[in-house]
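In this text, residue positions in the sequence shown follow UniProt numbering: the first is 1, and each later residue adds one.
Quick reminder that beta carbons are idealized off the backbone N, C-alpha and C, glycines included.
Computed from a predicted structure; not experimentally measured.
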Amino acid sequence: MAIISILQTVFGNLAPFHLLSFSALFGSQLYQTFVVTKVAFTTLPRPAYIKFQKTIFPVYFHGQSLLLILTAVTFPTHGPLSLIQQKSDWIPFAVSGVASTLNFFIYGPRTRQLMLDRAQQGTVDAKVTGLDGPSEEMALLKKKFSRSHAMCIHLNLISVGALLWYTWRLASHLQY
1 MAIISILQTV FGNLAPFHLL SFSALFGSQL YQTFVVTKVA FTTLPRPAYI
51 KFQKTIFPVY FHGQSLLLIL TAVTFPTHGP LSLIQQKSDW IPFAVSGVAS
101 TLNFFIYGPR TRQLMLDRAQ QGTVDAKVTG LDGPSEEMAL LKKKFSRSHA
151 MCIHLNLISV GALLWYTWRL ASHLQY
């Protein structure tokens with residue numbers, strides 16, 4: 001709450017900060033989801049893609065969480081106190097926050113580790129001669145990875161949907 005008071009004292013109005021932080025949040029989420037991931041997957045060789053993914057997603061999940069908090073804190077006119085007054089304002093934040101938190105703490109790290117385990121198992125399997133298809137360990141890792149990765153994707157899309165809902169709500173408040 002001290003941050004809100006300082007921002008209001010210095011700048012008088014939280015609306016520009018709210019709009020900037022929300023724009024950065026939604027824009028980065030759309031760009032990462034629909035551009036960066038697709039381009040990296042189609043252009044990078046598999047080892048480089050794995051290295052890129054293990055580096056970019058922790059940064060993405062941290063940024064997403066920070067921008068979501070900043071957007072909630074700068075909600076006009078009194079930050080979170082104003083945000084909780086109407087369900088149609090706070091529900092999209094709650095949905096996006098839950099999805100982001102699950103990805104940040106559970107599914108993101110789990111998927112990252114399973115991706116690394118899969119790459120390591122691929123190296124082990126390559127050294128073993130006489131394998132017909134993937135080893136049992138690799139098949140199990142692929143199955144676990146697919147489930148965890150699917151959860152990351154679905155949670156991210158839920159968050160995008162919630163923010164799209166909030167975008168509609170925010171745009172309806174604009175006056176020309």
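What are the boundary residues of the alpha helix (DSSP H) that residue i is part of?
{"i": "SER21", "result": "15-31"}
{"i": "PRO45", "result": "Neither: PRO45 is in no alpha helix (DSSP H) and is coded neither H nor E."}
{"i": "residue 202", "result": "As shown, the chain starts at 1 and ends at 176. That puts residue 202 outside it, with no answer to give."}
{"i": "LEU83", "result": "80-83"}
Pull up the CB-CB distance for residue i and residue j, whole angstroms please, since I reckon it's below 8 Å.
{"i": "GLN120", "j": "MET138", "result": "The pair is not a contact, with the Cβ atoms about 10 Å apart (cut-off 8 Å)."}
{"i": "THR74", "j": "PHE17", "result": "4 Å"}
Which of the three DSSP states is assigned to residue i in this structure?
{"i": "SER135", "result": "coil"}
{"i": "PHE75", "result": "coil"}
{"i": "GLN121", "result": "helix"}
{"i": "TYR60", "result": "helix"}
{"i": "residue 202", "result": "This structure does not reach residue 202, given that the chain is present from 1 up to 176, and the question cannot be answered."}
Taking Cβ positions, are residue i and residue j nearer each other than 8 Å?
{"i": "ARG147", "j": "PHE57", "result": "no"}
{"i": "ALA24", "j": "LEU81", "result": "no"}
{"i": "THR77", "j": "LEU14", "result": "yes"}
{"i": "SER65", "j": "PHE104", "result": "yes"}
{"i": "ARG169", "j": "PRO109", "result": "no"}
{"i": "THR167", "j": "PHE26", "result": "yes"}
{"i": "GLN86", "j": "TYR60", "result": "no"}
{"i": "LEU114", "j": "LYS144", "result": "yes"}
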